[in-house]
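**Q**
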Amino acid sequence: AQKITQTQPGMFVQEKEAVTLDCTYDTSDPSYGLFWYKQPSSGEMIFLIYQGSYDQQNATEGRYSLNFQKARKSANLVISASQLGDSAMYFCAMREAGRRALTFGSGTRLQVQP
Amino acid sequence: SQTIHQWPATLVQPVGSPLSLECTVEGTSNPNLYWYRQAAGRGLQLLFYSVGIGQISSEVPQNLSASRPQDRQFILSSKKLLLSDSGFYLCAWSAVRGTGNTIYFGEGSWLTVV
Chain A
67 AQKITQTQPG MFVQEKEAVT LDCTYDTSDP SYGLFWYKQP SSGEMIFLIY
117 QGSYDQQNAT EGRYSLNFQK ARKSANLVIS ASQLGDSAMY FCAMREAGRR
167 ALTFGSGTRL QVQP
Chain F
41 SQTIHQWPAT LVQPVGSPLS LECTVEGTSN PNLYWYRQAA GRGLQLLFYS
91 VGIGQISSEV PQNLSASRPQ DRQFILSSKK LLLSDSGFYL CAWSAVRGTG
141 NTIYFGEGSW LTVV
């Protein structure tokens, strides 16, 4: 079974609007962390935001926020006020307590239109 | 601050030739180190991770091997490359413990086997 599922292969958004990128996960471990990374065309993977399974509040980092719904096992990324430079691939990832490495979803390609 | 570098950035190698990709981390001690591979248009697949010098765990049986000769050096190798080894290879590091320890990636290496 897929550990991380990103159901949107591609998304379009108008500049200055908000966009939500979906991510659902599957784990039986009560302790885990959820991450979002941005990958521009240059290829580097840029860390955006982190949410711990025991965190009571949704994580926020500037224009990025994570809509964490634990019962539904979803960790959607919300980007507010989209900019042209936000155009990139976005990956959701999870680390379970018993593992050292991250498991990644297949990614969502976001294109911001002027 | 911590930095991670990997090289070469781009590599075109014939089938059957050897491979060596190198990665170094600065500004931290005893990091966890990782090699990931990303096929075109896909998510990241963990290849190897290391928790210390000489300690390598392989996630996927394959034509590649990894070594960690020094605390902050991680090397990905192959004796004879296959066409299927083509892809984007990313080295990464994280602090030792905790689900919240972010994994930070290097710039990546594009490998084309011809």
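Residue numbers (the numbering used here), protein chains in the order written: chain A, 67 to 180; chain F, 41 to 154.
Heads up, the beta-carbon is just placed ideally off N, CA and C, and yes, glycines get one too.
1) What is the DSSP secondary structure of G92(F), counted as helix, strand or coil?
2) Using a cut-off of 7 Å between C-beta atoms, extract the partners of V104(F) located in chain A.
3) Take every Cβ of the stretch 165–177 of chain A, pair it with every Cβ of the stretch 116–128 of chain A, and state whether three or more of those distances are shorter than 8 Å.
4) Which residues, in order along the stretch 106–138 of chain A, keep a beta-carbon less than 7 Å from a beta-carbon of chain F?
5) Could you tell me which of Q85(F), L59(F), L73(F), Q53(F) sits nearest to I70(A), measuring between CA atoms?
6) Relative to the C-alpha of G148(F), which candidate in C131(F), S105(F), A135(F) has its C-alpha closest?
7) List the residues of chain A that I143(F) touches, going by C-beta distances under 7 Å, in chain order.
8) Using the beta-carbon of each residue, which ones in chain A are nearer than 9 Å to V91(F)?
9) Taking just the CA atoms, how far does Q123(A) sit from S108(A)?
10) Leaving out five residues before and five after L59(F) in sequence, what residues of the same chain have Cβ atoms less than 8 Å from its Cβ?
11) Give me the chain F residues within the contact set of G76(A), using Cβ-Cβ distance strictly less than 8 Å, ordered along the chain.
12) Give every residue of the same chain whose Cβ lies closer than 8 Å to the Cβ of C89(A), excluding the five residues on either side of it in the sequence, and list them in chain order.
13) Note down the Cα distance separating Y129(F) from L123(F), rounded to an integer number of angstroms.
14) Find the nearest neighbour of Y180(A) within the set G151(A), G173(A), E162(A), judged by alpha-carbon distance.
15) Please state if the CB of Q42(F) and the CB of G67(F) are separated by a distance shorter than 7 Å.
16) Under three-state DSSP, which class holds G118(A)?
17) Would you give the residue range spanned by the beta strand (DSSP E) that E62(F) belongs to?
18) Between N72(F) and chain A, is the shortest Cβ-Cβ distance under 7 Å, so that the two count as touching?
19) With a threshold of 7 Å between beta carbons, is F128(F) in contact with chain A?
20) When the Cα of Y91(A) is compared with those of R138(A), Y156(A), S146(A), which residue comes out closest?
21) According to the neighbour-count rule (16 or more other Cβ atoms, all chains shown, within 10 Å of its Cβ), is V153(F) buried or exposed?
22) My understanding is that I96(F) touches R108(F), with C-beta atoms under 8 Å, so please give their C-beta distance in whole angstroms.
23) Can a CB atom of chain A be found closer than 7 Å to the CB of E147(F)?
24) Please work out which residues of its chain come closer than 8 Å, Cβ to Cβ, to V100(F), disregarding the five sequence neighbours upstream and downstream, and give them in chain order.
25) In chain order, what residues of the same chain lie with their CB nearer than 7 Å to the CB of P48(F), ignoring the 5 residues before and after it?
**A** Result, derived from the coordinates:
1) Residue 92(F) sits at position 52 when you count from the first residue of the second sequence. It is a strand residue.
2) Here the question's residue 104(F) lines up with position 64 in the second sequence. Looking at the sequence shown, residue 104(F) is not Val but Leu. Per Cβ cutoff of 7 Å: no residues; L104(F) is ~16 Å from chain A at best.
3) Touching, no.
4) Correct list: G109, E110, M111, F113, Y116, G118.
5) As a first step, residue 70(A) is located in the first sequence; it is residue number 4 there, counting from the start. Considering only alpha carbons, the answer is Q85(F).
6) Here residue 148(F) refers to the residue found at position 108 of the second sequence. Among C131(F), S105(F), A135(F), the Cα nearest to that of G148(F) is on C131(F).
7) As a position in the second sequence, residue 143(F) is number 103, starting the count at 1. Chain A residues near I143(F): L168.
8) Translated into the one-based positions of the second sequence, residue 91(F) becomes position 51. Residues of chain A with a Cβ closer than 9 Å to the Cβ of V91(F) are, in chain order, R166.
9) Numbered from its first residue, the first sequence carries residue 108(A) at position 42. Numbered from its first residue, the first sequence carries residue 123(A) at position 57. Those two C-alpha atoms are separated by around 33 Å.
10) Along the second sequence, read from residue 1 onward, the residue named residue 59(F) stands at position 19. L51, Q53, L104, L116, S117, S118, L121, D125, L151, listed in sequence order.
11) Counting from one through the first sequence, the residue named residue 76(A) turns up at place 10. Near G76(A) there are no residues of chain F at all, since even the closest Cβ is about 11 Å away, more than 8 Å.
12) Residue numbering aside, residue 89(A) sits at position 23 when the first sequence is read from its first letter. If the five residues before and after C89(A) are omitted, its C-beta is found closer than 8 Å to the C-beta atoms of I70, T71, Q72, L100, W102, S140, A141, N142, L143, C158, G171, all from its own chain and listed in chain order.
13) Along the second sequence, read from residue 1 onward, the residue named residue 129(F) stands at position 89. Along the second sequence, read from residue 1 onward, the residue named residue 123(F) stands at position 83. Roughly 15 Å between the two C-alpha positions.
14) On the first sequence, residue 180(A) is found 114 positions in, with the first residue counted as 1. Contrary to the premise, residue 180(A) reads as Pro rather than Tyr in this sequence. Out of G151(A), G173(A), E162(A), G151(A) has the C-alpha closest to the C-alpha of P180(A).
15) Start at 1 with the first residue of the second sequence, and residue 67(F) comes out as number 27. Start at 1 with the first residue of the second sequence, and residue 42(F) comes out as number 2. The answer is yes: Cβ separation under 7 Å.
16) The residue given as residue 118(A) occupies position 52 in the first sequence. DSSP places G118(A) in strand when its eight states are reduced to three.
17) One-based indexing of the second sequence puts residue 62(F) at position 22. Looking at the DSSP string, the run of the beta strand (DSSP E) that includes E62(F) is 59–66.
18) Walking along the second sequence from the start, residue 72(F) turns up at place 32. For N72(F), the answer is yes, since a Cβ of chain A falls inside 7 Å of its Cβ.
19) Within the second sequence, residue 128(F) is the residue found at index 88, counting from 1. Between F128(F) and chain A, the shortest Cβ-Cβ separation is below 7 Å.
20) Numbered from 1 along the first sequence, position 25 holds the residue referred to as residue 91(A). For the residues R138(A), Y156(A), S146(A), the minimum Cα distance to Y91(A) belongs to R138(A).
21) Position 113 of the second sequence, counted from the start, is the residue given in the question as residue 153(F). Within a 10 Å sphere around the beta-carbon of V153(F) sit 16 or more other beta-carbons, which makes this residue buried.
22) If you number the second sequence from 1, residue 96(F) lands on position 56. If you number the second sequence from 1, residue 108(F) lands on position 68. Taking a contact as a CB-CB distance under 8 Å, the pair I96(F) and R108(F) counts as one, their CB atoms being some 6 Å apart.
23) The sequence position of residue 147(F) within the second sequence is 107, counting from 1. It does: the Cβ of E147(F) has a partner Cβ on chain A nearer than 7 Å.
24) By 1-based counting over the second sequence, the position of residue 100(F) is 60. Once the five neighbours on either side are set aside, the close Cβ partners of V100(F) are Q85, L86, L87.
25) Translated into positions along the second sequence, residue 48(F) becomes position 8. Answer for P48(F): S149, listed in chain order.
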